[in-house]
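Novice: Let me begin by handing over the structure; questions about it come next.
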Amino acid sequence: MSSTSTAGASGSSGSAGASGSSGSAGASGSSGSAGASGSSGSAGASGSSGSGTAGEACGMNGPCAPGSHCLFGDLACGTSPPNDVCPAEYCAVPSSCSGLGGPPACGCDGKIYDNACLADSAGVGTSILGNCGPAPQGRFACGDVFCEKAAQICVENVPDGCAFTRYECRDLPQGCGSASCNECVDASNECLDVLHCLADANGDITVTCATF
């Protein structure tokens, strides 16, 4: 009987070839820097508002220039009716009142100042409205100021034309008294035309003058 032939041993399987290494990824390109934005154009300077200089009308006519303020030339703190021909308000620059004396003056804020200059420099102006109460001791009211009793008279200057009445205290002229008011209107008053002289029950004398 013939013998069965033995199968040959199977050959060993070949080892798998090593896989190729993957190529490294290329470096990403750097992003380009953003372009600088153009600077915005500067805003045009706003036009300055028309402002009055010292002495010019203000209030309804516009504001005053920086460093000045609007005062009331009518001595009535702006209560006079508007007047385009003779404006009651004007621009004033605060000035030094150093060395200036009295008389004391009534401010539109109801305070009594040592003189009208100080009231104007404070930006309040002076008042004939009586809003400061009784006159200081030893003085009497003269428009917006206070004169010294028995030593001064009140002179009321009434202008002829576009202006407002002004008040001042003058030294009592010789011979002038409540019983002789006519002696109070001599040349020392500098009146162009004396309208009248009045002595009240307290002996306080007011001379009204017309000025031009």
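When we follow our numbering, the leftmost residue of the sequence shown carries the number 103, and every step to the right adds one.
The beta-carbon is built from N, C-alpha and C at its ideal position, and this holds for glycine as well.
As a quick exercise: from Ala-194, Leu-202, Cys-179 and Val-195, pick the residue whose alpha carbon is nearest that of Cys-317.
Specialist: Residue 317 lies beyond the stretch modelled for the chain, which goes from 103 to 314, so this question has no answer here.
Novice: Give every residue of the same chain whose Cβ lies closer than 6 angstroms to the Cβ of His-298, excluding the five residues on either side of it in the sequence, and list them in chain order.
Specialist: Correct list, in chain order: Thr-310.
Novice: Measuring CB to CB, does Cys-160 end up less than 7 angstroms from Cys-193?
Specialist: It is a contact, given that the beta carbons lie within the stated cut-off.
Novice: Quick one: Cα of Val-287 to Cα of Cys-199, how far?
Specialist: So the two alpha carbons sit approximately 30 angstroms from each other.
Novice: Could you give the residue range of the beta strand (DSSP E) that holds Ala-253?
Specialist: From DSSP, Ala-253 is part of no beta strand (DSSP E); its letter is neither H nor E.
Novice: Whole angstroms are fine: how far does the CA of Ile-230 sit from the CA of Phe-266?
Specialist: Straight-line Cα distance between these residues: approximately 12 angstroms.
Novice: Throw me the rounded Cβ distance for the Ser-280 and Gly-305 pair, which I believe falls under 8 angstroms.
Specialist: Yes, they are in contact, since the Cβ atoms of Ser-280 and Gly-305 sit about 4 angstroms apart, within 8 angstroms.
Novice: Give the C-beta separation of Cys-210 and Glu-191 to the nearest angstrom, bearing in mind that I take them to be a contact with Cβ-Cβ under 8 angstroms.
Specialist: At roughly 12 angstroms, the Cβ-Cβ gap does not stay under 8 angstroms, so Cys-210 and Glu-191 are not in contact.
Novice: What number of angstroms, rounded off, separates the C-alpha of Ala-312 from the C-alpha of Pro-261?
Specialist: Whole-angstrom Cα-Cα distance: 6 angstroms.
Novice: Have a look at the DSSP bridge pairing and note the partners of Asn-282.
Specialist: Per the sequence shown, residue 282 should be read as Ser rather than Asn. DSSP output for Ser-282 lists Gly-279 as bridge partner(s).
Novice: From Gly-225 to Cys-219, what distance separates their C-alpha atoms?
Specialist: If you take the alpha carbons of Gly-225 and Cys-219, they lie about 10 angstroms apart.
Novice: Starting from the Cα of Gly-203, find the closest Cα among Ile-307, Cys-249, Ala-237 and Cys-283 and give me that residue.
Specialist: Measuring from the Cα of Gly-203, the nearest candidate turns out to be Cys-249.
Novice: What is the C-beta distance between Asp-216 and Pro-206, in whole angstroms, given that I count them as a contact (C-beta under 8 angstroms)?
Specialist: About 6 angstroms; that satisfies the 8 angstroms criterion.
Novice: Nearest to Asp-295 by alpha carbon, out of Phe-174, Arg-241 and Asn-259?
Specialist: The option with the nearest alpha carbon to Asp-295 is Asn-259.
Novice: Between which residues of its own chain and Glu-270 is the CB-CB distance below 6 angstroms, once the five residues before and five after are set aside?
Specialist: For Glu-270, where only same-chain residues beyond five positions count, the Cβ hits under 6 angstroms are Val-257.
Novice: Candidates Cys-264, Ala-243, Val-195 and Ile-307: which alpha carbon is nearest Leu-274's?
Specialist: Taking only the C-alpha atoms, the option nearest Leu-274 is Ile-307.
Novice: With H, G and I counted as helix, E and B as strand and the rest as coil, what does DSSP make of Cys-299?
Specialist: In the structure shown, Cys-299 sits in a strand (DSSP, three-state: E or B).
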